[in-house]
Amino acid sequence: MVGAKTGLGMLVAFGFGLATAGSAQTPTRLEINPASLSLDVGDTVVVTATAYDEAGNVMDVPLTFFSSSRRRLEVDRGAGTVVAHRGGEYTLSVRVLTARDIRASIPVMVEFPALASVEVTPLGERFFVGASVRHRAKVLDVTGDVRTNVPPRWATDDPSIASVNRFGVVTAHREGDVTITATAGAASTSHEYRVIANPIRTVTLSASQDSVRTGDVIHFEATALDARGQRIEDAPVTFSLIASPDDSAITQSATAEVDQKGRFVAEKAGDYTVLAVAPGNVAQHTVRVTNRDVSRRIEYVGQGQVSNVPTSDLWIWEGVDGRDYAVTGTWGAHGAAYFWDVTEPSSPALVDSVVVDARTVNDVKVSEDGRIAVISREGASNRRNGLVILDVTNPRSVQVLSRYDDELTGGVHNVFVYQNHVYAVNNGRRFDVISIEDPTNPHRVGRFELDTPGHGIHDIWIVNGIAYTSNWGDGVVMIDVGNGRWGGSPSNPVEIARYRDSGGRTHAAFPYESPTGRFYIFMGDEIGRSVPGGDRDGSPEAMAGFFHIVDMTDPENPEEVARYDVPEAGSHNLWIEDDVLYAAYYNGGMRAVDISGELKGNLYRQGREMAHYMAFDPEGFRANAPFTWGGQPYKGNLFFAEHNSGLWAVKIHPRTQVLTP
Amino acid sequence: MINRFTLFAITFMWLGVLTPSHMSGQDKDRAYLFYVASESEDQVTVVRFDAVRGLSREKVINVGNLPAEMEAPHGIFMDPDGEHWYLTLGHGFPFGYLLKYKTGVDTVVATVELGMFPATVAVPSFGGLALAVNSDFHGDRVPSSVSVVDLESMTEIARTETCTMPHGSRFSPDGLKHYSACMMDDQLVEIDVVTLGVSRRLDLLTGTLVGNGVMHGTDDMSTRTTGMMVAGRQVCSPTWVAPTPDGSSVYVACNKGNEVLEVDAERFQITRRFDVPGAPYNAAVTPDGSKLVVTQKSAGTVSVWHLASGERLGLVENTRRVTHGVIVSPDSRFAFVTVEGIGGEPGTVEAIDLQTIQRVDAIDVGKQAGGITFWRTNPIEN
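So the protein sequences, as listed, match chains U and H. Quick note, the first sequence lines up with residues -11 to 649 if you use this note's numbering. Quick note, the second sequence lines up with residues 37 to 418 if you use this note's numbering.
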């Protein structure tokens, strides 16, 4: 490869003479000099390009350079000055902008930054003969980036004392001092262990419970004791398990998990033996796991059919007259919100509607006192969207109190009403706080926007004065908007914490203080799914994604501990109440999930599902195509909005025990 | 009860004299095919028009990735070679996208992220390049940009800052100049396609060049105050640019000013004004250079102007409200207009005979029909 390698920060000019405008002729060939580049991060070089006519004569024509990743490999399009910002392989191109096919490209290899350090865990002072402990290394470069593309090399200075394999598993063979080294490029970390005789004489293993149901978390604790019966605090203990599931068709490894904190959870019923392995010792403890048996009968109660347009969100509330009401939005339609009397859930009665200049009323919310409703507007004919504030004191005669679109013209996608304020997701970028103390005169009192590059926001939910915003790649952000502990108020939102889950597609989130004392945030993805054969007009639609469950009990150390992941379908809105997750799962229907106790693993596979309902409607906007938007438990029934068929009510019956003699 | 047949009959009578009997033999031997984007339906429709059958929907293409999020296809442009077409999606997370589709099979072959709410997009006559305005319709009133995309690699190679809420994106016939309008800054902006820098800005209220201290406008047309008073100030709020086929002029629709301005492309001066009430929005000059077709958004009408004389040749009322885009067939014979509709109304495509200045057919497509681009003319075998 012909290349030019420069030192860090050097400017190397390869000649510079191009880009004069106005040639009437178009070249037939371009050539970049050099034919390839090999750079270091921080290097700046200038490349040149030459244009040739059909006869091979050099032409003076304007040329434009560009990079396949202009943020990582910046190039001055006229001067050809190339600046390498990030390591990787790129393409540098030049073209005649005024001709379609006259272009040339060269490969550019930017060496990753020099490696600065290797951080190894775990570490300690001593190591026991016979112990095998896996070490992990985090490689960092000079910019502080974690470099996953550089596997560390492991070495020992005396393999007769302790050996180490390529995965970092260190095994001690005899007493003595040994140095283990992890090397990545020029960076390395060495750690000296004193290998001593194994003092462990016995290991005991206890479990927080011996008999649980699938999905319940057992905490195992292993204790290593020396010859005097003293606890050895730094004993290397690893956990593993042997499964003996009741279902013989299931293999031993796929039905339960135990992590290295000793937390165990099973997906299938059976007997599970957890092993605590320490040098020269193994302790085991068998627990019995039974089926969770939380399934319940779910029964259709009623439907307020909407089949002419798609339905969006819903809200159920008790009206000031003591009757029960629902409001549903419409999507990609005529800007309607429908009001239903659901006092008799078996026959929701449409009692009023409001039509605004919009095509989508994506979100609907009602104030705590049941007097004010707020509906969002998108697709207004004049592109001034915003929101509409309604008097729903009499849901049979809903009155428009005011419209608010000041700096909200981009379309309010979601709203939340909390203590006389509307929190409106604005243009997918931020939320605005609008006072509706006088609902006929709404006015903005606050605003919150992230500062990350390319930030967005999709949803907001507020509990106890804390807003939980769903921010796609930025995850969930917790903001004090009136809790006060962090000094926040509606006019002065104060960020508390944020967490980005493993999916990076956070669309909706719901906080839950579990009776266990743990504080979870359920974070739902929204991800499209291509369905082979599903592109015919009227075909049912499908989605992907799932709910990520994050333990935020310690906001400083959040941990993504569990998921609820229904195969072949996708998560949407959610509601949590009394240890039950009501998960709207688009083409997976409406699902109720037992989230009692500590959560770990994949709740779907643990038999935690209590019920699910697929709302088939042959007369739906799309016939027989459940596409569940969101649900809300209310007075013993579960109401939910179906994108293709309107408002539904189902009842989840208490579990009845079948007694056998 | 009105059944479908009755509705058809009424519609046919309503169209009345507009039926194909007015067409010449030559007009009847060809069909015109074009693509229409429906912003509130996440659909693109391939529409066909011929003088015998009128308008028909040939194909509906669902666009976007999320069935429950409106991703807002807005700008659409056919590559001059017809092999691909390009579509902007306004709503992203939060940035929008430019999609490259293979014509005919109409499947996405590449995507590139652009800025906030990319709207109008255009490709120059020589192809290989697209310029899309990042209109940022709903963001803070700060300057936005025009994205420049290399269409072979679908790489954004530059983002040229222009002004607040740029809209309209069209090239000069030779492709060397790009024009866009600034809805909130009342400017016409010219980008030099060779340097990708802003070469000139014209203040459409004062008729003077902006930014370099050079004051033009010694004739009445260029110095006359443009626009109407809105909230105590003159406003043009330009929404569209339409260069003439010979490149000599650019027509700018002053949406709030209720005017169309003729700008001399060489001198960058306002040379004529057309009073166009009803919020002129988009415009197109016929390929033969004789007529200007202007959509009037709030009036729900389309006006056709004789460019040589400056006279209005006719006014066509649309079947729905919120008139949006317009293209003209290569033979300068017909204009095809999109009408957004309001709320739950479907979007509409209307065909206008540019000889009789009458609507000859209308057909519904997805809601909020907006972007429209010509594909090809097909011969019809008898």
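All C-beta atoms in this analysis are idealised placements derived from N, C-alpha and C, irrespective of residue type, glycine included.
Check: Per-residue DSSP class, three states only, for residue 136 of chain H; Outcome: strand
Check: Between the CA atoms of residue 486 of chain U and residue 544 of chain U - distance to the nearest angstrom; Outcome: 10 Å
Check: Residue 572 of chain U CB to nearest heavy atom of the ligand ADP below 7 Å; Outcome: By its list of ligands, the structure shown contains no ligand whatsoever, and the ligand ADP lies outside what it can speak to.
Check: Helix, strand or coil at residue 187 of chain H according to DSSP, with G and I counted as helix; Outcome: coil
Check: Residue ranges of each alpha helix (DSSP H) within the region 129 to 182 of chain H, 4 or longer; Outcome: none
Check: Residues near residue 154 of chain U by beta carbon distance below 7 Å, same chain, minus five either side; Outcome: 142
Check: Given 8 Å, three or more beta-carbon pairs between the region 285 to 304 of chain U and the region 598 to 614 of chain U; Outcome: yes
Check: DSSP state of residue 247 of chain U mapped onto helix, strand, coil; Outcome: coil
Check: Residue 569 of chain U in three-state terms, based on DSSP; Outcome: strand
Check: Helix, strand or coil at residue 272 of chain U according to DSSP, with G and I counted as helix; Outcome: strand
Check: Cβ separation of residue 90 of chain H and residue 397 of chain H, assumed to be a contact under 8 Å, to the nearest whole Å; Outcome: 4 Å
Check: Stretch pair the region 364 to 380 of chain U + the region 273 to 283 of chain U: three plus CB contacts closer than 8 Å; Outcome: no
Check: Nearest residue (CA-CA) to residue 127 of chain U, options U:120, U:119, U:121 and U:137; Outcome: U:137
Check: Residue 106 of chain H at chain U interface by Cβ criterion, 8 Å; Outcome: yes
Check: Chain U contact residues for residue 419 of chain H, given Cβ-Cβ distances below 7 Å; Outcome: Any answer about residue 419 of chain H is impossible in this case: the structure gives chain H only from 37 up to 418.
Check: Where residue 642 of chain U falls, given that 16 or more other Cβ within 10 Å makes a residue buried; Outcome: exposed
Check: Interface flag, residue 54 of chain U vs chain H, CB-CB below 8 Å; Outcome: yes
Check: Residues in the region 368 to 394 of chain H having any Cβ partner in chain U nearer than 9 Å; Outcome: 376, 377, 378, 379, 380 and 381
Check: Interface residues of chain U facing residue 130 of chain H [CB-CB closer than 9 Å]; Outcome: 415, 416, 417, 442, 443, 444, 445 and 460
Check: Rounded separation between residue 589 of chain U and residue 235 of chain H - CA only; Outcome: 60 Å
Check: Residues bridged to residue 652 of chain U (per DSSP); Outcome: Nothing can be reported for residue 652 of chain U: it is not among the residues displayed for chain U, which extend from -11 to 649.
Check: Residue 63 of chain H (DSSP reduced to helix, strand or coil); Outcome: helix
Check: Interface partners of residue 562 of chain U on chain H, CB under 7 Å; Outcome: Those do not exist, as residue 562 of chain U stays about 15 Å from chain H at its closest Cβ, beyond 7 Å.
Check: CB contact below 8 Å: residue 110 of chain H versus chain U; Outcome: no
Check: Residue of U:205, U:66, U:98 and U:114 minimising C-alpha distance to residue 193 of chain H; Outcome: U:66
Check: Any chain U beta carbon closer than 8 Å to residue 404 of chain H; Outcome: yes
Check: Cβ neighbour criterion (16 or more within 10 Å) applied to residue 317 of chain H; Outcome: buried
Check: C-beta atoms of residue 550 of chain U and residue 561 of chain U nearer than 8 Å; Outcome: no
Check: DSSP-derived helix/strand/coil call for residue 594 of chain U; Outcome: helix
Check: When U:74, U:55 and U:42 are compared against residue 29 of chain U, the one with the closest alpha-carbon; Outcome: U:74
Check: Coarse secondary structure for residue 136 of chain U, derived from DSSP in three states; Outcome: coil
Check: When U:322, U:169, U:521 and U:349 are compared against residue 403 of chain U, the one with the closest alpha-carbon; Outcome: U:349
Check: Chain-ordered neighbours of residue 301 of chain U on chain H, where CB pairs are closer than 7 Å; Outcome: Simply none; closest approach about 11 Å.
Check: Any chain H beta carbon closer than 8 Å to residue 66 of chain U; Outcome: yes
Check: The beta strand (DSSP E) enclosing residue 21 of chain U, as first and last residue numbers; Outcome: 17 to 21
Check: Spatial distance of residue 635 of chain U from residue 250 of chain U (CA atoms); Outcome: 45 Å
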